[in-house]
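K.L.:
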Amino acid sequence: MFIDECDLSPPDRGWNYEPSRAELLQKISAPLYTTDAEGWLTYYNDAAAELWGRHPVIGEERWCGSWRIYDTDGKLLAREQWPLAVAFQQSRAVHGLQAILEQPDGTRVPVMPHPTLLRDKSGIVVAGSNILLKIAQPSALHSQFSDPSNTELWV
245 MFIDECDLSP PDRGWNYEPS RAELLQKISA PLYTTDAEGW LTYYNDAAAE LWGRHPVIGE
305 ERWCGSWRIY DTDGKLLARE QWPLAVAFQQ SRAVHGLQAI LEQPDGTRVP VMPHPTLLRD
365 KSGIVVAGSN ILLKIAQPSA LHSQFSDPSN TELWV
């Protein structure tokens with residue numbers, strides 16, 4: 245007589261728990277956020293809200309949740325010149341950027357954004373993401389946002 249001593253019942257719930265993407269992103273200490281394919285905010289973590297000095301409404305902000313963004317010369321940038329918007333315009337990740345974010349209370353924070361496009365298997369852009377790293381002092385890269393044709397800055 246054969247006796248099956250293997251327990252084939254399902255394991256306890258949570259034995260191989262895999263957190264959601266939102267849970268994973270929330271645990272990252274760097275400010276980060278995501279947008280849909282048209283640049284509308286779809287997610288941000290607590291670190292991003294702290295950096296921005298506000299909690300923007302999902303779906304009502306475009307390109308970033310920051311109050312205002314300036315270039316390293318202190319020139320206020322139009323939303324179309326914000327780092328993630330530039331990545332969408334150029335249809336690629338842009339690197340080496342620096343910017344100054346302004347919070348609603350007027351506090352300015354220099355950052356190095358890392359805007360990246362997310363694509364599906366066929367290469368179509370389906371979303372954008374950006375990680376914002378605080379920096380001590382913006383460098384002397386003057387007017388890097390002013391001239392999008394200056395591709396040396398968008399390496």
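Just so we're aligned: the sequence shown equals residues 245 to 399 in our numbering.
All residues carry an ideal CB built from backbone N, CA and C; glycine is no exception.
What you are looking at is a predicted structure, and each value in this text was computed from that prediction instead of being measured.
Taking contact to mean 3 or more Cβ pairs, one atom from each stretch, closer than 8 Å, check whether the region 327-338 and the region 356-373 are in contact.
P.N.:
Contact check between the region 327-338 and the region 356-373: three or more CB pairs, one atom from each, fall below 8 Å, which counts as touching.
K.L.:
Rank Asp364, Leu321, Asn374 by C-alpha distance to the C-alpha of Val338 and give the top, closest one.
P.N.:
Here residue 338 refers to the residue found at position 94 of the sequence shown. The shortest Cα separation from Val338 among Asp364, Leu321, Asn374 belongs to Asn374.
K.L.:
Distance check for Ile379 and Pro354, CA to CA, integer angstroms please.
P.N.:
Indexing the sequence shown from 1 puts residue 354 at position 110. Indexing the sequence shown from 1 puts residue 379 at position 135. Roughly 6 Å separates the two Cα atoms.
K.L.:
Applying the criterion that 16 or more other CB atoms from any shown protein chain within 10 Å of the CB defines a buried residue, is Ile272 buried or exposed?
P.N.:
As a first step, residue 272 must be located in the sequence shown, where it is residue number 28. Looking at its Cβ environment, which holds fewer than 16 other Cβ atoms inside 10 Å, Ile272 is exposed.
K.L.:
I need the straight-line Cα distance from Asp349 to Leu328, nearest angstrom please.
P.N.:
Within the sequence shown, residue 349 is the residue found at index 105, counting from 1. Within the sequence shown, residue 328 is the residue found at index 84, counting from 1. One C-alpha to the other measures close to 23 Å.
K.L.:
For Asp280, list the residues DSSP reports as bridge partners.
P.N.:
For this step, residue 280 is matched to residue 36 along the sequence shown. Its beta-bridge partners are Ala371.
K.L.:
In the DSSP assignment, find the beta strand (DSSP E) that holds Leu285 and state where it starts and stops.
P.N.:
Counting from one through the sequence shown, the residue named residue 285 turns up at place 41. Taken as a continuous stretch (DSSP letters only), the beta strand (DSSP E) holding Leu285 covers 285-288.
K.L.:
CB-CB under 7 Å to Ala281, same chain, minus the five flanking residues each way: which ones, in chain order?
P.N.:
Against the sequence shown, residue 281 aligns to sequence position 37. The answer, listed in chain order, is Val369, Val370, Ala371.
K.L.:
For Pro300, which residues in the same chain have their Cβ closer than 7 Å to its Cβ, ignoring the five residues on either side in sequence?
P.N.:
As a first step, residue 300 must be located in the sequence shown, where it is residue number 56. Contacts found: Leu285, Gly309.
K.L.:
Since Ala291 contacts Ala266 with CB under 8 Å, what's their CB separation in whole angstroms?
P.N.:
Counting from 1 along the sequence shown, the entry for residue 291 is found at position 47. Counting from 1 along the sequence shown, the entry for residue 266 is found at position 22. About 14 Å; that fails the 8 Å criterion.
K.L.:
So within the region 299-365, which uninterrupted alpha helix (DSSP H) runs reach at least 4 residues, ignoring any that extend past its ends?
P.N.:
When DSSP assignments are scanned along the region 299-365, the uninterrupted stretches of alpha helix (DSSP H) that are 4 or more residues long and fall wholly within it turn out to be 327-334.
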